[in-house]
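**Q** Below is the structure I would like to discuss, written out as structure tokens.
Residue numbers (the numbering used here): 1157 to 1884.
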């Protein structure tokens, strides 16, 4: 793998070889001589642990330059140390840390998506790296990330067109004098290697390199795969007041994607589901290959009391999608006559298998942004002003895909019959979407005396988006302009405590009508979401962050409405979908030897005014009313180098049909682990053992949907991971 050899060579060049050679060639010292040594200055640094004070989302446009405690929004931060203790290998596993986060169509072997506060994230704008947009259609590596920030709620001022649920921002590691290698395995035989190498080559210029390789042995049959990753970060201090930062990473993954289950007959849960069986497997099914590249350049310059930030980013994900896809029952005996909806599995568990191939499916995000932050006074009022502009371009290119029926099977069949693949070949590569978003934004934080602050701002955006058909014709032309306001009132009785009330708006693009509706393929218009939130934050002695938030989010509801058309449904926008919720959180040091990262999220999700009584008055789909997440790290008093790690996740029953009749059961999942810190030849070693789902509980982790179709994904069975970190 040439790219890994290149990174390792650079790392070796960065090590002080010449100094080591000089020491080795020197004469042995005279042990009897007395030498007076110069004073040595030792500097200590408190580890971040599970406690974080700052977020990039605070300083790059959303809320002005302020710590998390001064931010009128619910933001949780998963620190580097917590990432290492949890050992997540996927976006879905990372989301287990926060109760406000859940899966929304997150198959094994494919890129995954999350939902925050019950709203699926927008894959085009919902994921960030260092505050800049990256394509969500990629598996997101964590080896080069210092922390992960989750903004819960509307990000209209930050992103403009974005899901009402929020944003996930991945913050890169910065250059430092570090050399660390990690080896790992799991109870299914996976093999994992990672290296973190960095050095300040001069006082002004530093590098940080991360590489990883993983041989994935999945708990799902036929779903083994591999992953390679490489990243480079560089900081160049041009002057005392200016710094240039570069971040780039590449990841290649290859793994068969696993089809989800569907409801039987559209209303019944599969009675004997398997977590290890690949539905629809065919020996000719190829792995799905994803090649993802992200790069960004950021320049920061202090201008007296002001700070200028200029940034540009490029993100590209190319997906060679290939799957024997288990979907629906149109060709099975029970569904051929139309007695049951063909877009679900048949009542007896029969399902159809499709040869689906979509090579060279490419998504590209490009963004430039400029932000100016600074302070000034008007009389007795102190202002902190942030103004900026951004230009965002997204394109989608794909070939005409193959999606042909090849045969049918049943969910209880172990040895699935082998069917011949389709002879159809994919079409030529064509541009499918070009989207431009241009925006200017401003936020003024006004200090009204010692205890009160008012924040007021807005984002003015313009969208110019075109979608193209198979012949290159324009099938959709969307142009709009919109101003999205944001305001908050904050009361701070002392430096540790903040209480706030906020209002914000965001815009999300409309959904596409499922193919099985009377207007299949039609795109609904954009939707404006509105959020009100009341919250409080308390910093306990600088070691424990406590938070609480009450929120209400409303946006127009777009859904498949039953009617008298031959298809039986028409996709419409009618009524409102609403989330009302309460969030509680705690992160940091609970006692001298006990750390905690915990949260609770209670959501009341309802549809109103839809004109379909059966769809109202109950919880909406894939939004459990209650979720909790708790992770504890307890250093044993009798053995301070040994820590017991424990986790607990709870999710209430989850609605799986629009009428609320079919629900998947609630579940509790318990995790256990150990961390042992020691030294070998003067070098630090950290052993970690993590056992997820200790009781091997079966549960449905996801009842989400994509392109209008709903799926059920089982949770992970008992899984043990063992890793060793060696700092050399």
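Cβ coordinates follow ideal geometry from the N, Cα and C atoms, glycine included.
Assuming residue 1342 and residue 1685 are in contact, meaning their beta carbons sit under 8 Å apart, how far apart are those beta carbons, in whole angstroms?
**A** No, residue 1342 and residue 1685 are not in contact; Cβ-Cβ is about 40 Å, not under 8 Å.
**Q** Give the single residue among 1528, 1553 and 1537 whose Cα lies nearest to the Cα of residue 1544.
**A** Closest option to residue 1544, Cα to Cα, is 1528.
**Q** Relative to the C-alpha of residue 1391, which residue among 1573, 1373, 1865 and 1329 is closest?
**A** Of 1573, 1373, 1865 and 1329, the residue nearest in Cα terms is 1329.
**Q** In angstroms with no decimal places, state the Cα-to-Cα distance between residue 1466 and residue 1454.
**A** Going from the Cα of residue 1466 to the Cα of residue 1454 covers about 6 Å.
**Q** Check each candidate in 1283, 1271 and 1799 and name the one with the smallest Cα separation from residue 1828.
**A** 1799
**Q** Under three-state DSSP, which class holds residue 1770?
**A** helix
**Q** Quick check on residue 1868: does DSSP put it in helix, strand or coil?
**A** strand
**Q** Taking only the alpha-carbon atoms, compute the straight-line gap between residue 1573 and residue 1768 and give it to the nearest angstrom.
**A** 42 Å
**Q** Tell me which residues share the same chain as residue 1257 and place their Cβ nearer than 6 Å to its Cβ, disregarding the 5 neighbours each side in the sequence.
**A** 1251, 1270 and 1272
**Q** Would you tell me roughly how many angstroms separate the C-alpha atoms of residue 1486 and residue 1437, rounded to the nearest one?
**A** 19 Å
**Q** For the 8 Å Cβ check, are there 3 or more pairs between the stretch 1351 to 1368 and the stretch 1329 to 1338?
**A** yes
**Q** So what's residue 1699 in DSSP terms, helix, strand or just coil?
**A** coil
**Q** Counting along the chain, where does the alpha helix (DSSP H) carrying residue 1840 start and finish?
**A** Looking at the DSSP string, residue 1840 is not in any alpha helix (DSSP H); the run it does join, the beta strand (DSSP E), is 1839 to 1848.
**Q** Start and end of the beta strand (DSSP E) containing residue 1511?
**A** Note, residue 1511: beta strand (DSSP E), 1506 to 1534.
**Q** Using CA atoms only, rank isn't needed, just tell me which of 1723, 1853 and 1791 is closest to residue 1495.
**A** 1723
**Q** Would you mind listing the beta strand (DSSP E) stretches within the stretch 1342 to 1377 that are 3+ residues and don't spill past its ends, in chain order?
**A** 1347 to 1356 and 1361 to 1372
**Q** Any idea if residue 1207 is buried or exposed, counting beta-carbon neighbours within 10 angstroms, 16 or more meaning buried?
**A** buried
**Q** What does residue 1399 pair with, by DSSP beta-bridge criteria?
**A** 1393 and 1456
**Q** Please classify residue 1877: does DSSP put it in a helix, a strand, or coil?
**A** strand
**Q** Residue 1236 by DSSP, collapsed to three states: which one?
**A** helix
**Q** Return the CA-CA distance between residue 1533 and residue 1658, expressed in angstroms with no decimal places.
**A** 24 Å
**Q** Pick helix, strand or coil for residue 1962, following the three-state DSSP scheme.
**A** Residue 1962 is absent from the model: the chain starts at 1157 and stops at 1884.
**Q** My assumption, with CB atoms under 8 Å, is that residue 1679 sits in contact with residue 1635. Please give the rounded CB distance.
**A** Between residue 1635 and residue 1679 the Cβ distance is about 14 Å, and since that is not below 8 Å, they are no contact.
**Q** Have a look at residue 1450 and residue 1287 and give me their C-alpha separation to the nearest angstrom.
**A** Approximately 13 Å, taken between the alpha carbons.
**Q** Have a look at the DSSP bridge pairing and note the partners of residue 1613.
**A** Its beta-bridge partners are 1599 and 1642.
**Q** Does DSSP put residue 1296 in a helix, in a strand, or in coil?
**A** coil
**Q** Starting from the C-beta of residue 1681, find all residues in its chain whose C-beta is less than 6 Å away, skip the five residues before and the five after it, and write them out in chain order.
**A** 1666
**Q** With DSSP as the reference, label residue 1651 as helix, strand or coil.
**A** coil
**Q** Among the candidates 1593, 1726 and 1758, whose CA atom is the shortest distance from the CA of residue 1673?
**A** 1726
**Q** Under a three-way DSSP split, which group does residue 1759 fall into?
**A** strand
**Q** Count the C-beta pairs between the stretch 1618 to 1632 and the stretch 1587 to 1595 that are closer than 8 Å, then say yes if the count reaches three, no if not.
**A** yes
**Q** For residue 1687 versus residue 1664, is the C-beta distance shorter than 7 Å?
**A** no
**Q** Which residue comes first and which comes last in the beta strand (DSSP E) that contains residue 1208?
**A** Going by DSSP, residue 1208 is part of no beta strand (DSSP E) at all; its letter is neither H nor E.
**Q** Going by alpha carbons, who is nearest to residue 1721 out of 1457, 1676 and 1754?
**A** 1676
**Q** Are residue 1401 and residue 1870 closer than 7 Å when you measure CB to CB?
**A** no
**Q** Compare the beta carbon distance of residue 1435 and residue 1415 with 7 Å and say whether it is the shorter of the two.
**A** yes
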